[in-house]
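Asks: Provided herewith is a single structure, encoded as structure tokens, for subsequent inquiry.
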Amino acid sequence: MRHGNDRHRWRAGLAIAATTVLAAVGFVGIRPASAAGNLTTDVTTLATTAGCGKAPGLASGTHTIQSNGKSRSFILRVPANYNNSNPYRLIFAFHWRGGTMNDVASGGTSGTPWSYYGMQEQSNNSAILVAPQGLGNGWANSGGEDITFVDDMNRLIDNALCVDTTQRFALGFSYGGGMSYAIACARATVFRAVVAFSGAQISGCNGGTQPIAYFGIHGISDNVLNISAGRSLRDTFVRNNGCTAQSPREPAVGSRTHITTVYSGCRAGYPVQWAAFDGGHMPGPVDGCACESGITTWTKGEVWRFFSQFQAGGPDPGPTGNRLRGEASGRCLDIPNSGTANGTQVQIWDCHTGTNQQFTQNGAALQVMGKCLDAPTNAAAGTRVQIWDCNGGTNQQWNLNANGTITNAQTGLCLDVNGAGTANGTAAIVWTCHGGTNQRWARA
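Under the UniProt record's numbering, the letters of the sequence shown match residues 1 to 444, in that order.
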């Protein structure tokens with residue numbers, strides 16, 4: 001992924017800082033069904049920037065600006081299909097201590113699937129992406145200088161490109177998670193949501209009293225920044241967002257899984273989520289093993305669902321639909337040989353751009369090649385999923401949930417990869433919902 005020896009440098013370099021931090025604190029188409037109804041209140045209407053309607057003033061690549069009297073750099077990625085009349089999401093991705101903007105933008109050894117913590121892949125050219133470079137490869141934010149750097153980047157990008165100012169997001173790992181938290185504290189009225197992977201209050205918290213959508217992800221066995229630090233960050237916004245306080249479930253050591261909790265009672269439009277996983281200090285854990293991979297991690301799909309819920313009406317499915325990629329297999333829901341006959345049974349296959357993997361949401365139906373994804377009437381657990389002429393029946397209606405599962409409206413069963421298989425050709429079925437990775441899907 002990003003690391004090699006970088007992780008060891010990060011651990012060594014943060015040992016003293018982590019002790020200080022722990023003492024100081026006392027220790028962010030598929031429309032999420034559970035969230036879609038809560039996002040029309042208290043959410044600013046779309047506002048565009050000066051860059052809309054004119055030729056782009058910035059191109060993809062490395063840029064250097066003056067900020068607070070210092071030369072500061074960032075890598076920018078402009079969508080390949082950039083349209084100056086379309087306001088884009090703007091996502092900032094902050095590196096860890098000892099990491100660089102290049103590590104984030106390139107995806108490290110995992111490559112493009114992990115670029116910008118997976119947001120390049122997940123956003124599918126619907127977002128402008130920024131990987132800033134920290135001073136000394138960190139985010140100390142001395143005197144607020146890193147927040148000023150963010151302000152300056154925002155100003156520059158707003159003037160050069162078409163940005164939806166209600167759709168600014170930040171995420172980062174470790175020190176980058178601390179920087180994302182600092183943004184949540186100081187710029188809650190500028191950013192819509194933030195995600196902190198394995199974070200702590202390292203970069204300060206100037207303000208920290210206003211609501212902002214917040215998602216914390218942390219390993220229960222993190223020996224660099226203890227999970228108690230992540231819980232403390234989370235609880236700031238549980239309070240600010242008016243959520244009902246609780247002690248979310250966390251997985252057991254050795255379970256090799258994760259549990260995501262969506263808080264209840266939060267102020268409309270300001271959700272808080274918490275994902276605890278059985279693992280250590282990493283942003284890309286994989287369920288079922290002690291490893292991490294930017295290719296198969298569940299985090300990028302959950303982060304994208306968290307960010308994209310704020311699009312009015314849910315994520316934009318695009319004119320040609322989207323693939324549905326299984327979290328466990330990394331493969332996509334597929335119609336074999338592009339068959340269009342009623343009863344053609346669905347499988348998983350290596351993801352590609354063919355129309356037999358392009359699903360478009362039309363109401364509660366999932367349509368592909370003019371047919372609807374269909375579970376035979378009153379299907380029992382284990383029944384193969386198929387395609388059929390669209391008829392509006394509840395067996396052709398699907399609920400796309402915030403946790404990544406897809407449930408059939410008639411039976412309540414989940415779209416499932418049979419036997420948790422990962423090989424090409426493995427059958428797609430309906431099965432009793434359990435939330436495993438073979439039942440979680442991401443738009444791709």
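Positions of the beta carbon are idealized from the N, C-alpha and C atoms, including for glycine.
Going by C-alpha distance, which of 172, 212 and 207 is nearest residue 199?
Replies: Nearest option by C-alpha distance: 172.
Asks: Report the residue from 182, 363, 378 and 249 whose alpha carbon sits nearest the alpha carbon of residue 237.
Replies: It is 182.
Asks: Decide yes or no for the touch test of the region 140 to 152 against the region 102 to 119: beta carbon pairs closer than 8 Å, at least 3 of them.
Replies: These segments do not touch.
Asks: Taking DSSP's pairing of strands, which residues face residue 258 in a bridge?
Replies: Answer is 277, bridged to residue 258.
Asks: Does the region 360 to 371 come within contact of the region 396 to 405, defined as at least 3 CB pairs closer than 8 Å?
Replies: Touching, yes.
Asks: Tell me, to the nearest whole angstrom, how far the beta carbon of residue 132 is from that of residue 119; I am working on the premise that it is less than 8 Å.
Replies: Between residue 119 and residue 132 the Cβ distance is about 14 Å, and since that is not below 8 Å, they are no contact.
Asks: Based on the DSSP output, what are the partners of residue 219 in its beta bridges?
Replies: Bridge partners of residue 219: 277.
Asks: For the alpha helix (DSSP H) holding residue 116, just list the boundary residues, first then last.
Replies: No alpha helix (DSSP H) contains residue 116, which DSSP labels as neither H nor E.
Asks: Quick one, which of 79, 206 and 205 has its alpha-carbon nearest residue 161's?
Replies: Of 79, 206 and 205, the residue nearest in Cα terms is 79.
Asks: Using the three-state DSSP reduction, which class does residue 410 fall into: helix, strand or coil?
Replies: It is coil, neither helix nor strand.
Asks: In the structure shown, what three-state DSSP assignment does residue 37 receive?
Replies: Note that residue 37 has pLDDT 31, beneath the 50 cutoff, so the model's placement of it is unreliable and the number below is only indicative. Correct three-state label for residue 37: helix.
Asks: With distances taken Cα to Cα, identify the nearest neighbour of residue 268 among 294, 130 and 244.
Replies: The shortest Cα separation from residue 268 among 294, 130 and 244 belongs to 244.
Asks: Using a threshold of 9 Å, state whether the C-beta atoms of residue 348 and residue 422 are closer than that.
Replies: Contact flag set, yes.
Asks: At the level of alpha carbons, what is the spacing between residue 343 and residue 355?
Replies: Approximately 18 Å between the Cα atoms of the pair.
Asks: On a CA-only basis, which of 195, 201, 272 and 109 is nearest residue 211? Give me that one, please.
Replies: Among 195, 201, 272 and 109, the Cα nearest to that of residue 211 is on 272.
Asks: For residue 203 versus residue 146, is the C-beta spacing smaller than 9 Å?
Replies: Against a cut-off of 9 Å, the Cβ pair of residue 146 and residue 203 comes out as a contact.
Asks: Measure from the alpha carbon of residue 263 to the alpha carbon of each residue in 121, 77, 292 and 402, then state which is nearest.
Replies: Looking at the Cα atoms, 402 is the closest of the given residues.
Asks: Given a cut-off of 9 Å, decide if residue 99 and residue 219 are closer than it, judged by their beta-carbon atoms.
Replies: No; because the gap between Cβ atoms is not below 9 Å, this pair is not in contact.
Asks: May I have the straight-line CA-CA distance separating residue 72 from residue 64, to the nearest angstrom?
Replies: The alpha-carbon atoms of residue 72 and residue 64 are separated by roughly 5 Å.
Asks: Just the C-alpha distance for residue 74 and residue 394, rounded to the nearest angstrom, thanks.
Replies: Looking at the two C-alpha atoms, the distance is approximately 49 Å.
Asks: The beta strand (DSSP E) spanning residue 130 covers which residue range?
Replies: Note, residue 130: beta strand (DSSP E), 127 to 132.
Asks: Quick check: the Cα distance between residue 305 and residue 443, rounded to an integer number of angstroms?
Replies: Approximately 9 Å between the Cα atoms of the pair.
Asks: Assign residue 357 to buried or exposed, taking buried as 16 or more other Cβ atoms, counted over all protein chains shown, within 10 Å of its Cβ.
Replies: Answer is buried; the Cβ neighbour count reaches 16.
Asks: Specify the secondary structure class of residue 73 as computed by DSSP and reduced to three states.
Replies: Of the three classes helix, strand and coil, the one that applies to residue 73 here is strand, per DSSP.
Asks: Helix, strand or coil for residue 231, going by three-state DSSP, please let me know.
Replies: Three-state result, residue 231: helix.
Asks: Decide if residue 414 is buried, meaning its Cβ has at least 16 other Cβ atoms within 10 Å, or exposed.
Replies: Residue 414 should be labelled buried.
Asks: Measure the C-alpha to C-alpha separation of residue 214 and residue 341 and round it to an integer number of angstroms.
Replies: Rounded to the nearest angstrom, the two C-alpha atoms are 45 Å apart.
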